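The sequence shown runs contiguously to residue 712 in this note's numbering.
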Amino acid sequence: MTFALTPPQQAYLDITGSDEKFPVRRIYCVGKNYVAHVIEMGGEADRDPPVIFQKPNDSIVRNGGEIPYPVFTENFHYEGELVVALKSGGYNIPVAQAAGHIFGYAVGLDMTRRDHQANALANGLPWEVTKAFDQSAPIGPLTRIEDSGELTSGAIRLSVNGQVRQDADINLMIWKTNEIIARLSQLYRLHPGDVIMTGTPAGVGAVVSGDVIDLHVDGLHDLRVSIGARAG
Ligand code: MN
């Protein structure tokens with residue numbers, strides 16, 4: 481087979497302690513998954529089915545990268561999150577079997593055009609342009625589950641220019657990782673290479689050109705990205 485154009489490069493994540501790369505198929509994201517964040521966004525604490533959306537796999541930025549300040553926003557927000565990567569998939573995965581599909585974990589940022597998200601919410605519009613834009617998915621190196629163990633608790637901490645802005649524990653997730661995998665597999669056939677951003681705790685906020693974001697989850701490789709000059 482000959483393509484008329486050079487095919488896009490396969491999206492991938494680094495793996496700690498390995499020269500192998502993890503090929504990324506889809507990036508699923510979960511919204512409204514920490515009570516304190518739901519409340520800071522003006523919502524109410526509940527256990528509604530998790531909000532699901534996707535980001536394109538070519539929006540990944542790896543550790544040490546620079547994100548140009550994006551077009552089409554004046555309120556560019558970070559959301560620090562635990563990321564889960566799958567080594568296998570399927571439909572209707574039971575919660576009790578979900579952990580058996582996990583390849584490993586990373587830390588990641590669900591970068592958001594918050595001004596347009598507010599507009600989308602107010603007007604019943606899709607979230608696409610607020611969440612799924614270029615370079616909206618910085619994700620650090622993966623740690624294999626054999627090295628980290630199954631992660632159900634541990635500090636998650638985000639700093640901007642060295643000042644702590646988000647400081648919580650991943651055990652505060654409303655929908656736990658295994659429940660998210662099970663729920664997602666009722667909506668989509670999950671596949672090896674799928675990754676899931678599991679939602680952000682309280683403390684989201686804006687960044688500007690020149691800022692440096694550091695994200696940490698206990699037991700995982702840290703992520704650092706900087707915000708560059710305006711794109712376009
Ligand atoms: Mn998020």
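We put the beta carbon where it would ideally sit given N, CA and C, even for glycine. Note that the structure is predicted; figures quoted are calculated from it, not measured.
Open item on the list: Given a cut-off of 9 angstroms on the beta-carbon distance, is the pair HIS596 and GLY685 in contact?
Closed with: As a working mapping, residue 596 is identified with position 116 in the sequence shown. As a working mapping, residue 685 is identified with position 205 in the sequence shown. For HIS596 and GLY685, no; Cβs fall outside 9 angstroms.
- [ ] For the stretch 561-591, list the beta strand (DSSP E) runs that are entirely contained and at least 3 residues long, ordered along the chain.
- [x] Runs of the beta strand (DSSP E) inside the stretch 561-591: 582-589.
Task: At least 3 beta-carbon pairs within less than 8 angstroms: the stretch 655-664 vs the stretch 564-576 - done: yes
- [ ] Please name the residue or residues paired with MET677 in a DSSP beta bridge.
- [x] Here residue 677 is taken as the residue at index 197 of the sequence shown, counted from 1. DSSP output for MET677 lists CYS509, VAL563 as bridge partner(s).
Open item on the list: Quick check: does the Cβ of ASP528 come within less than 8 angstroms of any heavy atom belonging to the ligand MN?
Closed with: Counted from its first residue, the sequence shown places residue 528 at position 48. Not under cutoff, so the answer is no.
Open item on the list: If you reduce the DSSP assignment to three classes, tell me which class SER706 lands in.
Closed with: In the sequence shown, the residue the question calls residue 706 occupies position 226. Three-state DSSP puts SER706 in a strand.
Open item on the list: Would you say the beta carbon of THR680 is closer than 8 angstroms to some non-hydrogen atom of the ligand MN?
Closed with: Along the sequence shown, read from residue 1 onward, the residue named residue 680 stands at position 200. Because some heavy atom of the ligand MN lies under 8 angstroms away, the Cβ of THR680 counts as near it: yes.
- [ ] For the stretch 633-646 and the stretch 527-537, state whether three or more C-beta atom pairs, one from each stretch, are separated by less than 8 angstroms.
- [x] no
Task: Integer-rounded CB distance, given that LEU667 should sit under 8 angstroms from ILE573 - done: Against the sequence shown, residue 573 aligns to sequence position 93. Against the sequence shown, residue 667 aligns to sequence position 187. In fact, because the Cβ distance is near 11 angstroms, the residues do not count as touching under 8 angstroms.
TODO: Less than 8 angstroms between the CB atoms is what I'm expecting for VAL515 and ILE650, so what's the real figure, rounded?
DONE: Start at 1 with the first residue of the sequence shown, and residue 515 comes out as number 35. Start at 1 with the first residue of the sequence shown, and residue 650 comes out as number 170. Not a contact, Cβ separation roughly 13 angstroms.
Task: Distance CB(GLY584)-CB(GLU561) smaller than 9 angstroms - done: Walking along the sequence shown from the start, residue 584 turns up at place 104. Walking along the sequence shown from the start, residue 561 turns up at place 81. Cβ distance not < 9 angstroms, so GLY584 and GLU561 don't count as in contact.
- [ ] Go ahead and pull the three-state DSSP assignment for THR632.
- [x] Walking along the sequence shown from the start, residue 632 turns up at place 152. Judged by DSSP in its simplified three-state form, THR632 adopts coil rather than helix or strand.
Task: Residue range of the beta strand (DSSP E) that includes ILE693 - done: Counting from 1 along the sequence shown, the entry for residue 693 is found at position 213. Counting along the chain, the beta strand (DSSP E) containing ILE693 begins and ends at 692-697.
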